[in-house]
Ligand SMILES: Cc1cc2nc3c(=O)[nH]c(=O)nc-3n(C[C@H](O)[C@H](O)[C@H](O)COP(=O)(O)OP(=O)(O)OC[C@H]3O[C@@H](n4cnc5c(N)ncnc54)[C@H](O)[C@@H]3O)c2cc1C
């Protein structure tokens with residue numbers, strides 16, 4: 290349950306950022322779905338709902354998803370149903386139910402940088418960027434290791450119809466995933482990201498390099514490199530060895546899927 294003594298509702302992003310800097314311990318409240326877990330009573334929360342960041346816009350080259358756009362907004366946004374074969378609605382559709390997705394925001398889902406995220410692997414494959422108040426525009430890959438307390442304003446998705454694929458494995462519907470992945474095929478070759486190991490999604494660099502050099506005949510050899518470059522751990526959802534074996538198979542499936550795009 291979310292408990293707090295005081296709520297600040299800034300009206301501008303400048304005001305919100307100044308509050309974030311001054312009140313370092315005050316949580317930022319977006320959808321509040323994650324922040325409300327736990328029993329802590331916060332002296333203050335900073336609510337982003339008055340900032341006008343709930344939008345999805347597009348121009349000729351990119352889509353811009355405001356930080357307060359909900360997962361459901363993404364799911365029902367008409368152009369996303371066909372863009373890259375509906376990869377964004379597909380990324381959110383298994384996160385609990387419609388009521389939850391109507392509250393949980395895209396900004397909160399990216400800013401929290403959850404290892405189990407269904408959304409981040411898709412954004413990595415799409416070469417999405419984030420726009421931050423302080424740091425400006427930054428690739429999402431870089432944002433995953435960016436440590437400054439900064440306000441995420443929007444997520445920017447380039448309008449490139451390249452082959453991308455995503456996958457998330459769950460023990461049961463509406464559970465957290467125990468393994469996620471995404472793939473992209475472009476002029477640079479294949480990029481495959483594996484997430485929920487349970488760490489944040491990361492590029493399987495060596496495995497991709499091998500198939501980029503030798504082609505798909507080297508897939509079996511490529512997946513043996515995954516354990517050298519990515520770490521897998523056990524938690525309540527899956528064991529480390531199981532995750533690794535499933536990651537090898539997921540890598541193959543994702544690569545084959547993007548290879549077959551016509
Ligand atoms: C029970 C449960 C099950 C879930 N299952 C899944 C799942 O299967 N797959 C999945 O991908 N996700 C899952 N999630 C996560 C969920 O999809 C959202 O990512 C999560 O709730 C955060 O979104 P929010 O809008 O609620 O953010 P909040 O809870 O409001 O904030 C989350 C964090 O992000 C920070 N933050 C929020 N907005 C910004 C911003 N604009 N700038 C900077 N920092 C910001 C906050 O400070 C806070 O630390 C689950 C969450 C819950 C509670």
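Numbering (this note's numbering), first residue to last: 290 to 551. Virtual Cβ for every residue (Gly too), placed ideally from N, Cα, C. It should be emphasised that the depicted structure is a prediction, and the values quoted were computed from it without experimental measurement.
In DSSP terms, what residue 475 is bridged to:
Here residue 475 is taken as the residue at index 186 of the chain shown, counted from 1. Per DSSP, the beta bridge partners of residue 475 are 478.
Measuring only the C-alpha atoms, how far is residue 311 from residue 294?
Here the question's residue 311 lines up with position 22 in the chain shown. Here the question's residue 294 lines up with position 5 in the chain shown. If you take the alpha carbons of residue 311 and residue 294, they lie about 17 Å apart.
Strictly by DSSP, which residues pair up with residue 333?
Working through the chain shown from its first residue, we reach residue 333 at position 44. Beta-bridge pairing links residue 333 to 295.
What residue from 451, 528, 517, 472 has the CA that sits closest to residue 486's CA?
The residue labelled residue 486 in the question sits at position 197 within the chain shown. Looking at the Cα atoms, 528 is the closest of the given residues.
Residue 523 to residue 408, Cα distance in whole Å?
Locating residue 523 in the chain shown gives position 234, where the first residue counts as 1. Locating residue 408 in the chain shown gives position 119, where the first residue counts as 1. Using only the alpha carbons, I get a separation of about 22 Å.
May I ask you to report which of helix, strand or coil DSSP gives residue 265?
The chain is shown from 290 up to 551; residue 265 falls before or after that span and cannot be answered.
Cβ shell of residue 466 (< 7 Å), same chain only, five flanking positions each side left out:
As a working note, residue 466 is residue 177 in the chain shown. Apart from the 5 residues on each side of it in sequence, residue 466 sits with its Cβ closer than 7 Å to the Cβ of 405, 407, 457, 458, 459, 485 in its chain, given in chain order.
If you measure between the beta carbons of residue 417 and residue 439, is that distance less than 8 Å?
For this step, residue 417 is matched to residue 128 along the chain shown. For this step, residue 439 is matched to residue 150 along the chain shown. No.
According to DSSP, which residues form a beta bridge with residue 354?
If you number the chain shown from 1, residue 354 lands on position 65. Note: residue 354 sits in a beta bridge opposite 345, 444.
Our contact map puts residue 326 next to residue 302 with C-beta atoms below 8 Å; I'd like the distance itself, whole angstroms only.
Counting from one through the chain shown, the residue named residue 326 turns up at place 37. Counting from one through the chain shown, the residue named residue 302 turns up at place 13. The beta-carbon distance between residue 326 and residue 302, rounded to whole angstroms, is 26 Å. This is too long to meet the 8 Å contact definition.
Is there contact between the segment 316 to 332 and the segment 393 to 402, where contact requires at least three CB pairs shorter than 8 Å?
With the cut-off at 8 Å, the segment 316 to 332 and the segment 393 to 402 touch.
Taking the Cβ atom as the reference point for each residue, do residue 356 and residue 345 lie within a distance shorter than 8 Å?
As a position in the chain shown, residue 356 is number 67, starting the count at 1. As a position in the chain shown, residue 345 is number 56, starting the count at 1. In this structure, residue 356 lies away from residue 345, with their beta-carbon atoms at least 8 Å apart.
Any heavy atom of ligand 1 inside 7 Å of the beta-carbon of residue 332?
As a working note, residue 332 is residue 43 in the chain shown. Exclusion of residue 332 from the 7 Å shell around ligand 1 follows from its C-beta lying no nearer than that to any non-hydrogen atom of the ligand.
Return the CA-CA distance between residue 462 and residue 385, expressed in angstroms with no decimal places.
For this step, residue 462 is matched to residue 173 along the chain shown. For this step, residue 385 is matched to residue 96 along the chain shown. Using only the alpha carbons, I get a separation of about 8 Å.
Host alpha helix (DSSP H) of residue 384 (start-end):
Along the chain shown, read from residue 1 onward, the residue named residue 384 stands at position 95. Note, residue 384: premise wrong, no alpha helix (DSSP H); not H, not E.
Nearest neighbour of residue 336, chosen from 304, 518, 513, 347 [CA to CA]:
As a first step, residue 336 is located in the chain shown; it is residue number 47 there, counting from the start. It is 304 whose Cα lies nearest to the Cα of residue 336.
Flag residue 355 as yes when its Cβ comes closer than 7 Å to any non-hydrogen atom of ligand 1, and as no otherwise.
Residue 355 sits at position 66 when you count from the first residue of the chain shown. Checking every heavy atom of ligand 1 against the Cβ of residue 355, none is found closer than 7 Å.
At a cut-off of 7 Å, is residue 497 close to ligand 1 when judged by its beta-carbon and the heavy atoms of the ligand?
In the chain shown, residue 497 corresponds to position 208, counting from 1. At a cut-off of 7 Å, the beta-carbon of residue 497 does not count as near ligand 1: no heavy atom of the ligand is closer than that.
Using DSSP with H/G/I as helix, E/B as strand and the rest coil, what is residue 484?
The residue labelled residue 484 in the question sits at position 195 within the chain shown. If DSSP states are grouped into helix, strand and coil, residue 484 belongs with the strands.
Relative to the alpha-carbon of residue 319, which residue among 506, 526, 298, 548 has its alpha-carbon at the smallest distance?
Reading the chain shown from its first residue, position 30 is the one you call residue 319. Comparing Cα-Cα distances from residue 319 to each of 506, 526, 298, 548, the minimum goes to 298.
Out of curiosity, what's the CA-to-CA distance linking residue 290 and residue 296?
Residue mapping note: residue 290 aligns to position 1 of the chain shown, counting from 1. Residue mapping note: residue 296 aligns to position 7 of the chain shown, counting from 1. In this structure, the CA atom of residue 290 is about 15 Å from the CA atom of residue 296.
Among 470, 366, 453, whose alpha-carbon lies nearest the alpha-carbon of residue 548?
As a position in the chain shown, residue 548 is number 259, starting the count at 1. A check of alpha carbon separations from residue 548 across 470, 366, 453 identifies 453 as the nearest.
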